[in-house]
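In my numbering, the protein residues as written are 4 to 274. Where a beta carbon is used, it is the ideal one built from N, C-alpha and C, also for glycine. Note sheet for the following structure.
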Amino acid sequence: MGINIEVEPNVKVYVEDINPAGNKTILFIHGWPGNHNLFEYQFNQLPKRGYRCIGIDCRGFGLSDKPWTGYDYNRLSDDIRCVVEALNLHNFVLAGHSTGGAICVRYMARHYGYGVAKLALFAAAAPSLVQRPYFPYGLEKQAVIDIIKGTYQDRPSMLRKFGKTIFFNPVTGPLSDWIFQLGLQAASWSTAAVARTWLGEEGLFQDLKTIQVPTLILHGINDQVCLYPLAIAQKNSIRYSKLVHFEACGHFLFYDKQDRFTKELIRFIEE
Numbered sequence: 004m005g006i007n008i009e010v011e012p013n014v015k016v017y018v019e020d021i022n023p024a025g026n027k028t029i030l031f032i033h034g035w036p037g038n039h040n041l042f043e044y045q046f047n048q049l050p051k052r053g054y055r056c057i058g059i060d061c062r063g064f065g066l067s068d069k070p071w072t073g074y075d076y077n078r079l080s081d082d083i084r085c086v087v088e089a090l091n092l093h094n095f096v097l098a099g100h101s102t103g104g105a106i107c108v109r110y111m112a113r114h115y116g117y118g119v120a121k122l123a124l125f126a127a128a129a130p131s132l133v134q135r136p137y138f139p140y141g142l143e144k145q146a147v148i149d150i151i152k153g154t155y156q157d158r159p160s161m162l163r164k165f166g167k168t169i170f171f172n173p174v175t176g177p178l179s180d181w182i183f184q185l186g187l188q189a190a191s192w193s194t195a196a197v198a199r200t201w202l203g204e205e206g207l208f209q210d211l212k213t214i215q216v217p218t219l220i221l222h223g224i225n226d227q228v229c230l231y232p233l234a235i236a237q238k239n240s241i242r243y244s245k246l247v248h249f250e251a252c253g254h255f256l257f258y259d260k261q262d263r264f265t266k267e268l269i270r271f272i273e274e
């Protein structure tokens with residue numbers, strides 16, 4: 004069931020609500036530059052187990068409105084709060100991939116984990132996607148600057164180049180093309196704006212320490228986007244966290260290790 008939820012005047016985000024009658028709810032926040040469809044294969048399986056799966060297209064991406072502004076983690080986490088209240092969600096699992104994971108971390112701090120019973124982070128872009136003087140484990144800032152430049156000069160080529168970094172194991176050409184098309188559904192200005200957020204956002208270091216719910220961290224050892232040391236930093240900062248690493252696995256771990264990914268998520272939810 005697809006619905007549009009207003010998150011501020013004249014801005015609505017698209018939400019896919021699968022199996023609304025499910026007895027446990029998982030709210031999925033996608034990574035850059037995709038949309039909720041990235042979790043398609045989890046949406047095929049989890050409702051069979053009785054779960055309600057809700058996927059948000061973040062503003063600027065997928066079927067959501069694409070305003071000129073609002074692409075910092077504060078506003079994006081506020082959008083989640085609007086969806087949570089509109090759907091009257093309680094005691095749910097908040098799950099985020101990559102930048103979506105960073106938005107989830109900000110939600111937990113900024114909104115005091117409102118409604119969240121458990122948190123799941125998948126290759127999350129926290130505490131920092133880029134290297135900093137006190138955190139030398141991310142990407143070089145120039146790599147992000149190149150992404151922003153490429154977005155404005157030749158976005159399809161930039162997306163193709165990015166697509167070559169997200170998998171460790173081979174995928175079919177049609178699957179790669181499909182993910183590429185999901186990226187093209189975003190607006191170019193939102194694609195660039197979120198990338199700029201990676202450069203300036205430093206508050207996640209403190210945000211991680213505020214999380215007080217059981218947290219699952221899933222991360223591929225061979226991730227070339229959000230490098231594995233980020234997962235270790237998350238584990239060291241979140242008090243009630245469990246880190247599960249995936250060998251021979253890249254950034255899109257829900258494809259690289261699809262079956263294990265789903266099993267680990269279900270195990271965590273049922274604990």
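Run of the beta strand (DSSP E) containing R78, from where it starts to where it stops = Position 75 of the sequence shown, counting from 1, holds the residue named residue 78. Careful: R78 lies outside any beta strand (DSSP E), inside the alpha helix (DSSP H) at Y76 to A89.
ask   = In chain order, what residues of the same chain have a beta carbon less than 6 Å from the beta carbon of F271, not counting five sequence neighbours either side?
value = Counting from one through the sequence shown, the residue named residue 271 turns up at place 268. So the qualifying residues of the chain are L219.
key: Three CB pairs or more closer than 8 Å across the stretch 204–211 and the stretch 118–130   = Using a C-beta cut-off of 8 Å, the stretch 204–211 makes contact with the stretch 118–130, since at least three inter-stretch Cβ pairs fall below that distance.
Distance, I59 Cα to R199 Cα = Start at 1 with the first residue of the sequence shown, and residue 199 comes out as number 196. Start at 1 with the first residue of the sequence shown, and residue 59 comes out as number 56. Between R199 and I59, the alpha-carbon positions lie close to 21 Å from each other.
ask   = According to DSSP, is A120 helix, strand or coil?
value = Position 117 of the sequence shown, counted from the first residue, corresponds to residue 120. Note: A120 maps to strand in three-state DSSP.
Range of the contiguous beta strand (DSSP E) that encloses Y17 = Taking the sequence shown and counting its residues from 1, the one referred to as residue 17 is at position 14. It spans V14 to I21 - the beta strand (DSSP E) in which Y17 sits, taken as one unbroken run.
query = By DSSP, does G203 sit in helix, in strand, or in coil?
reply = Mapped onto the sequence shown, residue 203 falls at position 200. If DSSP states are grouped into helix, strand and coil, G203 belongs with the helices.
query = For G166, which of helix, strand or coil comes out of DSSP?
reply = Position 163 of the sequence shown, counting from 1, holds the residue named residue 166. Helix at G166.
ask   = Looking at the unbroken alpha helix (DSSP H) that takes in A105, where does it start and where does it end?
value = Numbered from its first residue, the sequence shown carries residue 105 at position 102. Note, A105: alpha helix (DSSP H), T102 to R113.
task = Tell me whether K152 counts as near the ligand FMN, meaning its Cβ is closer than 7 Å to at least one heavy atom of that ligand.
result = Because no ligand of any kind appears in the structure shown, any question about the ligand FMN cannot be addressed here.
query = Quick one: complete beta strand (DSSP E) runs, 3+ long, within the stretch 233–259?
reply = Within the stretch 233–259, the complete beta strand (DSSP E) runs of at least 3 residues are 244–249.
query = What does a CB cutoff of less than 6 Å around I330 pick up in its chain, not counting 5 residues either side in sequence?
reply = No information on residue 330 is available, as it lies outside the stretch 4 to 274 that the chain covers here.
inquiry  = Is the separation between the beta-carbon of T154 and that of T194 shorter than 8 Å?
reply    = Translated into positions along the sequence shown, residue 154 becomes position 151. Translated into positions along the sequence shown, residue 194 becomes position 191. Yes; because the gap between Cβ atoms is below 8 Å, this pair is in contact.
query = The alpha helix (DSSP H) with R263 in it runs from where to where?
reply = Position 260 of the sequence shown, counted from the first residue, corresponds to residue 263. Looking at the DSSP string, the run of the alpha helix (DSSP H) that includes R263 is Q261 to E273.
ask   = Bridge partners of K27, per DSSP?
value = Locating residue 27 in the sequence shown gives position 24, counting from the first residue. DSSP lists Y54 as partners of K27.
Chain-order list of residues whose beta-carbon lies under 7 Å from that of A89 (same chain, five-residue window excluded) = Position 86 of the sequence shown, counting from 1, holds the residue named residue 89. Closer than 7 Å at the Cβ level, and outside the excluded window around A89, lie I8.
request  = Using a threshold of 8 Å, state whether the C-beta atoms of I29 and V96 are closer than that.
outcome  = One-based indexing of the sequence shown puts residue 29 at position 26. One-based indexing of the sequence shown puts residue 96 at position 93. It is a contact, given that the beta carbons lie within the stated cut-off.
inquiry  = Here's a check: name, in chain order, each residue in its chain whose Cβ is nearer than 7 Å to the Cβ of I169, leaving out the five neighbours to either side.
reply    = Along the sequence shown, read from residue 1 onward, the residue named residue 169 stands at position 166. Around I169: V228, G253, H254 and F255.
ask   = Can you name, in chain order, every residue of its own chain whose Cβ lies under 6 Å from the Cβ of R163, other than the five neighbours on each side?
value = Within the sequence shown, numbered from 1, the residue matching residue 163 stands at position 160. Cβ within range, chain order: n/a, list empty.
request  = Can you grab the Cα-Cα spacing for the pair K15 / D149, in whole Å?
outcome  = In the sequence shown, residue 15 corresponds to position 12, counting from 1. In the sequence shown, residue 149 corresponds to position 146, counting from 1. Distance between the alpha carbons of K15 and D149 is about 30 Å.
request  = For H71, count neighbouring Cβ atoms within 10 angstroms of its own Cβ and tell me buried if that reaches 16, exposed if not.
outcome  = Reading the sequence shown from its first residue, position 68 is the one you call residue 71. It is Trp, not His, that sits at residue 71 in the sequence shown. Exposed.
request  = If I'm right that L211 touches Q237 with Cβ under 8 Å, what's the distance once you round it to whole angstroms?
outcome  = In the sequence shown, counting from the first residue as 1, residue 211 sits at position 208. In the sequence shown, counting from the first residue as 1, residue 237 sits at position 234. That pair is a contact at about 6 Å.
message = On the criterion of 16 or more Cβ atoms from any shown chain inside 10 Å, does L132 qualify as buried, or is it exposed?
response = Locating residue 132 in the sequence shown gives position 129, where the first residue counts as 1. The residue in question, L132, is buried, as its Cβ has 16 or more Cβ neighbours within 10 Å.
key: Three-state class that DSSP yields for H222 in the structure shown   = Residue mapping note: residue 222 aligns to position 219 of the sequence shown, counting from 1. If DSSP states are grouped into helix, strand and coil, H222 belongs with the strands.
ask   = In chain order, what residues of the same chain lie with their CB nearer than 6 Å to the CB of A112, ignoring the 5 residues before and after it?
value = Working through the sequence shown from its first residue, we reach residue 112 at position 109. Excluding sequence neighbours, A112 sits near D210 and T213.
request  = Starting from F125, follow its DSSP beta bridges and name the residues at the other end.
outcome  = The residue labelled residue 125 in the question sits at position 122 within the sequence shown. Looking at the DSSP assignment, F125 forms a beta bridge with H100 and L221.
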